[in-house]
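Engineer: When we follow numbering that gives the first Met the number 0, the leftmost residue of the sequence shown carries the number 0, and every step to the right adds one. Every residue, glycine too, gets a C-beta built ideally from N, C-alpha and C. Keep in mind the model is a prediction, meaning the values are calculated, not measured.
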Amino acid sequence: MSPWLVPPFQVSHVCVCLWLSFQNYLPTKQDILLARRATKGIVEYDFLIKGIPFRMMDVGGQRSQRQKWFLCFEGITSILFMVSSSEFDQVLMEDRRTNRLVESMNIFETIVNNKLFARVSIILFLNKTDLLEAKVKTVNIEKHFPDFVGRPHHLEDVQKYLLLCFNRKRRDRSRPLFHHFTTAIDTENIRFVFHAVKDTVLQENLNDIMLQ
Numbered sequence: 000m001s002p003w004l005v006p007p008f009q010v011s012h013v014c015v016c017l018w019l020s021f022q023n024y025l026p027t028k029q030d031i032l033l034a035r036r037a038t039k040g041i042v043e044y045d046f047l048i049k050g051i052p053f054r055m056m057d058v059g060g061q062r063s064q065r066q067k068w069f070l071c072f073e074g075i076t077s078i079l080f081m082v083s084s085s086e087f088d089q090v091l092m093e094d095r096r097t098n099r100l101v102e103s104m105n106i107f108e109t110i111v112n113n114k115l116f117a118r119v120s121i122i123l124f125l126n127k128t129d130l131l132e133a134k135v136k137t138v139n140i141e142k143h144f145p146d147f148v149g150r151p152h153h154l155e156d157v158q159k160y161l162l163l164c165f166n167r168k169r170r171d172r173s174r175p176l177f178h179h180f181t182t183a184i185d186t187e188n189i190r191f192v193f194h195a196v197k198d199t200v201l202q203e204n205l206n207d208i209m210l211q
């Protein structure tokens with residue numbers, strides 16, 4: 000490969016390594032957004048929304064971490080279910096066979112149909128829209144999901160199908176499925192979604208209080 004034809008992601012990686020070599024290096028907002036670390040165990044965050052205290056618990060999604068989930072399920076009012084929508088053609092690290100998105104759908108099915116969460120608002124996040132948009136241009140989702148109907152190389156059709164797949168997992172569809180398509184590194188998108196989720200959580204909790 001010519002030195003002038005290095006893929007962009009490799010250039011970015013080299014640049015980051017060069018920046019880190021300077022002692023006075025300070026990460027930019029973009030550096031922080033692009034940084035990633037797998038969640039292990041349970042991480043808690045406490046914050047206020049309109050003067051109301053909230054506690055958010057981030058749990059690891061790996062199979063080895065799931066037995067810890069039940070430690071934080073008691074007393075919860077909302078579940079934010081995060082899915083990497085671009086992983087429709089990838090398999091789990093744990094077994095190298097199971098499709099990652101199928102695994103997410105199965106977990107979602109278990110949670111959304113659990114009687115313990117009958118009065119808990121569940122909000123689905125189909126994340127990594129930017130990566131999904133780039134991937135569908137070259138990867139045909141029909142090879143991994145044969146029942147796909149639509150234009151396999153159009154983002155909107157693929158998103159509509161993925162949302163339908165998750166919605167099918169719900170036995171009780173009398174309540175709406177709150178969902179958002181997100182790009183974690185797009186600050187404007189996340190700001191909009193945060194406010195929407197905040198209003199949803201507050202309204203659902205208010206409704207729950209009124210029913211008590």
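Does DSSP classify residue 141 as helix, strand or coil?
Structural biologist: Looking at residue 141 - three-state DSSP - the assignment turns out to be helix.
Engineer: Is the separation between the beta-carbon of residue 79 and that of residue 87 shorter than 8 Å?
Structural biologist: Not closer than 8 Å, so no.
Engineer: Between the Cα of residue 147 and those of 160, 51 and 138, spot the shortest distance and give me the residue it belongs to.
Structural biologist: Per the Cα distances, 160.
Engineer: Taking residue 201 and residue 165 to be in contact with their CB atoms under 8 Å, please state how far apart those CB atoms are, rounded to whole angstroms.
Structural biologist: Not confirmed; about 24 Å, so no contact.
Engineer: Report all residues from its chain with a CB closer than 8 Å to the CB of residue 189; omit the five preceding and five following residues, and keep chain order.
Structural biologist: Answer for residue 189: 181, 182 and 183, listed in chain order.
Engineer: Would you kindly check if the distance between the Cβ of residue 169 and the Cβ of residue 113 is under 8 Å?
Structural biologist: Not in contact: residue 113 and residue 169 (Cβ atoms no closer than 8 Å).
Engineer: Is residue 162 helix, strand or coil by DSSP?
Structural biologist: Here residue 162 sits in helix by DSSP.
Engineer: Per DSSP, what are the beta-bridge partners of residue 80 in this structure?
Structural biologist: Answer is 123.
Engineer: Buried or exposed, going by whether 16 or more other CB atoms sit within 10 Å of the CB of residue 49?
Structural biologist: Residue 49 should be labelled exposed.
Engineer: Taking C-beta to C-beta, are residue 131 and residue 154 nearer than 8 Å?
Structural biologist: Yes.
Engineer: So, is residue 193 buried or exposed, given that buried needs 16 or more other C-beta atoms within 10 angstroms?
Structural biologist: Exposed, because fewer than 16 other Cβ atoms sit within 10 Å of the Cβ of residue 193.
Engineer: What do you reckon, are the CB atoms on residue 142 and residue 83 nearer than 8 Å?
Structural biologist: No, the Cβ-Cβ distance between residue 142 and residue 83 is not below 8 Å.
Engineer: Let me check understanding here. Comparing Cα to Cα, which of 54, 85 and 42 lies closest to residue 137?
Structural biologist: Measuring from the Cα of residue 137, the nearest candidate turns out to be 85.
Engineer: Taking all protein chains shown into account, decide if residue 197 is buried (16 or more other Cβ within 10 angstroms of its Cβ) or exposed.
Structural biologist: That one is exposed.
Engineer: Give me whichever residues DSSP pairs with residue 54 in a beta bridge.
Structural biologist: DSSP, once it has assigned bridges, lists 45 as partnering residue 54.
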